[in-house]
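This report concerns only the one structure given below.
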Amino acid sequence: MADREAQLQKAVCSAHADGTALEICGGGSKRWYGREPSGERLDVSGHAGILNYQPTELVLTARAGTKLSEIAKALDEHGQRLGFDPPYFAEEATLGGVIACGLSGPRRPYAGSARDFVLGCKMINGCGEVMRFGGEVMKNVAGFDVARLMAGSLGTLGLLLEISLKVLPHRIAEHTVTLDADFTEAIGIMGHWASTPLPITAMAADGRRVYFRICATPSAVRKTTCEINGEMFDDGLRFWKELREHQLPFFDDDRPLWRLSTPPATPHSLIPEIPHADWFIGWGGAQRWLKSDLPAEAIFHAASSAAGHATLFRGGDRGSDVFASLPAPLLALHKRLKESFDPVGIFNPGRMYRDL
Amino acid sequence: MSTAWNKPELIAALSGILPASAILSEPEELAPYECDGLSAYRRLPGLVLLPETVAQAQAILKLCHARKVAVIARGAGTGLSGGALPREDAVILSLARFNRILDIDAHNRTATVEPGVRNLAISEAVSHLGLYYAPDPSSQIACSIGGNVAENSGGVHCLKYGLTVHNVLGLKLLSVDGEFIDLGGQALDAPGYDLLALMHGSEGLLGIIVEVTVKLLPKPEMARVVLASFGNVEMAGNAVASIIAAGIVPAGLEMMDHLAIKAAEAYAHAGYPLDAEAILLCELDGTEASVSDHIETIQSLMAAAGALESRVSGDEAERLRFWAGRKATFPAVGRLAPDYYCMDGTIPRRRLAEVLARIDAWSAEYGLPVANVFHAGDGNMHPLILYDANKPGELEKTEEFGGRILELCVEVGGAITGEHGVGVEKLDQMCVQFGAAELEQFFALKAAFDPTGLLNPGKAVPTLHRCAELGRMHVHAGQLPHPELERF
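If you're matching them up, the sequences are chains A and B in order. Residues in the first sequence are numbered from 1199 upward in steps of one, following my numbering. Residues in the second sequence are numbered from 696 upward in steps of one, following my numbering.
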């Protein structure tokens, strides 16, 4: 619950002065994400506390080191939640960490991503200057949208101090139903239901079944359940949480875990030689988890030939590329942008791309 | 900035890229481009170029880059902050002829279109599939999707469906020197920095958009509107708060004040109660079951908040009639006075009553009536200041009044623009919204995309020098000695 802004600013200023690389660290719950961390650890988890929460305006502002669990608890007291359903991956997870990683849960295609819910931020750039962008209102087009740019930038552009988010109400009722389907059938089934206006907030497939989460008023949930005509799945709450947290048995594996983001209707035969059991489809087809020892190049290539992109999500060689490579003009733009925020290159060097 | 403006030489060079009919250079051809939707600011452009292909646009950019000629992108010209205001020593790059829908992908629920395609044309083109494009700025029959991205346009359905940034999946850009840059696409959450988000609302300062891939949504099964009237705006504001607190996110939630109601009713005959100080229009959409459930709850919340009456649209015709009044507010208010000035600021909704009271007091002080329409769900207000431009000094007075409203928005924790952009109109208020560090960061960011500052120079971000000259961080637009002069 402390304000550590002054100390953090001092630390950044001195790193800027002597060119010391910093590893920005919140709860450390996602330290395995991205490329190998380097630099002196700068702990921001102490900079914590909810600063403003207006349930009737759907807006919350908290310091970046605030635990996600604390935010979830405060929201829950007013029947609200974080719209992008963020994965924690450990109890220590902080707001700053999940925004910096830009990670979203099973609800993402239906409700929006981490960056979609960012309204504003206070941050320190690589020169040690404290700046504010965006704000606490839902519509704001004053100046460049730096607050959303910070989402998913893996701490390479600046140190997040405070984040303002749009939050959402919990739906009144929630059910999970399943239909039997292999992966090929599942893609078609999920596409079909995604084209209807039914209140579906998550769809996933494990090769045997398609899972639908329905959230709405009780009568709308009942009606949708009838329409899909699937089998009731009583353990839905746990299923979606375990999918979000990678605690389903599928994820219990020593091989590298890949995330392939593809247009949702992409056929399942993405990499024909991979056995069905090594896939898990989420986001209604838009996110495909793969555990595989195949060479990274083959997986990057398979995803890009399907108009998507692959990420070496967990495990594997973190010293090499974990995110799909960028075309030269785009990479050059990334470098200039990085320089504009962090001219000396002190923040999380190499965490996203080797030379960034 | 342009240092080498040589019009005949430029025309000669451009004629190797474009047919003569796509290069406008005579004053009478240039006149229609002298302003955008903010007609108080006018200036003849040096040249207007109307390319039809990406290759032509690319060649134009390379040529202008080599000659250090500034380029101002323009879509349909419906912008309300002067973002497309020309310069005599710059070219207007019109994207109006990029009006093709390139691909409709029903399976992935996306449409890929050229930037000059009109907002509404997208929904019309996919309607037979049961799909639509959600953001609906009030100019949607005319405004182009490229302009929507440049301004991050909103609309009356933002609270539930988000802004343009939430509904665009991919962009193809040309950089200032004509390089292709692909951002996002049909797959979600592309690797690298979220430049797709950054492009939204960047007002033509970072790149030229040549292709847009949007997300399409299934059309809701049904939509109904509750029209409720109140004895004062504070009660209407409380009703909005109680709806949100009840866990309902309506598709649209609009408030109008007495003057706006009166004007709209006289113009559109929507059936608005003329004795009300405020009305709320609350639209619910989705499946039949959820809409009926929510309508009931909303009606009882309205009653509990002290509504004088509330009516539910019985059929689609009545729903459209309820909206017709709101959608006609601007032209309706336009009949009350020779001119009106539409402001665009956002505030935390809990400060609404206080902000409207301050606006009322200023309205009396300036002798300029104000009609208020308010996107109540998301805090975006549009006070319409009525004035007469033919009366000497009245435009300046109006601008000063408008500037004070925007600064009040910042003071209560809001923003100087919710959806119309900064353009040239709100450069001074940017000095109030942001400090020196932020403004310098904006310039550094801009330089990363456009090192020589050739894309839409002088718009959206004021120089520190300007802020300092105008009284540091607190200035009023109308106090400028020569408002007709360039404001950079």
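Idealized CB from N, CA, C, for every residue including glycine. Note that the structure is a prediction, hence the values are computed from the model and not measured.
Among the residues facing chain B, asparagine 1323 of chain A is included, as its CB has a counterpart in that chain under 8 Å away. Put simply, the CB of asparagine 1067 of chain B is far from chain A, with every gap to its CB atoms at 8 Å or more. Judged by pairs of C-beta atoms under 8 Å, the region 998-1017 of chain B touches the region 931-940 of chain B, as three or more such pairs exist.
For glycine 880 of chain B, the number of other beta carbons within 10 angstroms of its own is at least 16, and it is reported as buried. B:Asn814 is the residue among B:Glu819, B:Asn814 and B:Asp798 whose C-alpha sits nearest the C-alpha of glycine 770 of chain B.
Residue B:Gly1118 holds the alpha-carbon nearest to the alpha-carbon of aspartate 731 of chain B among B:Tyr888, B:Gly741 and B:Gly1118. When C-beta distances to chain A are compared with 7 Å, the residues of the region 1131-1143 of chain B below that value are Ala1132, Glu1133, Gln1136, Phe1137, Ala1139, Leu1140, Ala1142 and Ala1143, in chain order. For the pair histidine 1466 of chain A and alanine 882 of chain B, the CB atoms are not nearer than the 8 Å cut-off.
For histidine 1160 of chain B, the enclosing alpha helix (DSSP H) starts and ends at 1159-1164.
Remark: three or more beta-carbon pairs, one from each stretch, lie closer than 8 Å, so the region 1307-1319 of chain A and the region 1344-1362 of chain A are flagged as touching. Identification of chain B residues near aspartate 1314 of chain A by a Cβ-Cβ cut-off of 9 Å yields Gly857, Val860, His861 and Ala892, ordered along the chain. Methionine 1329 of chain A counts as buried, since at least 16 other C-beta atoms from the protein chains shown sit within 10 angstroms of its C-beta. Contact residues of the region 1490-1501 of chain A toward chain B are absent (C-beta to C-beta distance below 7 Å). Against chain B, the CB of glutamine 1207 of chain A has no partner CB under 8 Å away; the residue lies outside that interface. Non-local C-beta neighbours of valine 1068 of chain B in its own chain, meaning closer than 6 Å and more than five positions away in sequence, comprise Met951, Ala955, Thr1024 and His1077, ordered along the chain.
Under the 8 Å criterion on CB atoms, arginine 1046 of chain B is classed as non-interfacial with respect to chain A. Contacts with chain A at 8 Å (Cβ-Cβ) do not include methionine 1038 of chain B. Sixteen is the threshold: since fewer than 16 other Cβ atoms of the shown chains lie within 10 Å of the Cβ of glutamine 1445 of chain A, the residue is exposed. Taking a C-beta distance under 8 Å as the contact criterion, leucine 1358 of chain A and alanine 1246 of chain A do not qualify as a contact pair. Within a 10 Å sphere around the beta-carbon of serine 1503 of chain A sit fewer than 16 other beta-carbons, which makes this residue exposed. At a cut-off of 4 residues, not a single continuous stretch assigned as alpha helix (DSSP H) sits fully inside the region 1066-1096 of chain B. Judged by DSSP in its simplified three-state form, methionine 1430 of chain A adopts strand. Taking C-alpha positions only, aspartate 1540 of chain A is separated from alanine 1204 of chain A by approximately 19 Å. DSSP, read as helix, strand or coil, puts proline 913 of chain B in strand. Distances from the alpha-carbon of cysteine 1126 of chain B to those of B:His1115, B:Ala1139 and B:Ile1111 put B:Ile1111 closest. In the DSSP assignment, glutamate 1004 of chain B forms a beta bridge with B:Ser924.
C-alpha of tryptophan 1481 of chain A to C-alpha of arginine 738 of chain B: approximately 50 Å in a straight line. Interface with chain A (8 Å Cβ-Cβ cutoff): arginine 1006 of chain B is excluded. Note: methionine 1401 of chain A is bridge-paired with A:Phe1410 in the DSSP secondary-structure output. Only residues of its own chain outside the window of five on either side were considered, and among them none has a CB closer than 8 Å to the CB of alanine 1163 of chain B. Of all alpha-carbon atoms in A:Asn1546, A:Arg1552 and A:Met1550, the one lying nearest the alpha-carbon of cysteine 1223 of chain A is that of A:Asn1546. By the neighbour-count criterion, in which 16 or more other beta carbons inside 10 Å mark a residue as buried, alanine 946 of chain B falls on the buried side. Pairing leucine 797 of chain B with threonine 807 of chain B gives a Cβ-Cβ distance under 8 Å. Counting C-beta atoms within 10 angstroms of its own C-beta, aspartate 1145 of chain B has 16 or more neighbours from the protein chains shown and is therefore classed as buried. With a beta-carbon spacing of about 10 Å, arginine 1406 of chain A and leucine 1377 of chain A fall beyond the 8 Å limit used to define contacts.
Non-local C-beta neighbours of asparagine 1151 of chain B in its own chain, meaning closer than 6 Å and more than five positions away in sequence, comprise Ile767, Gly899 and Leu900, ordered along the chain.
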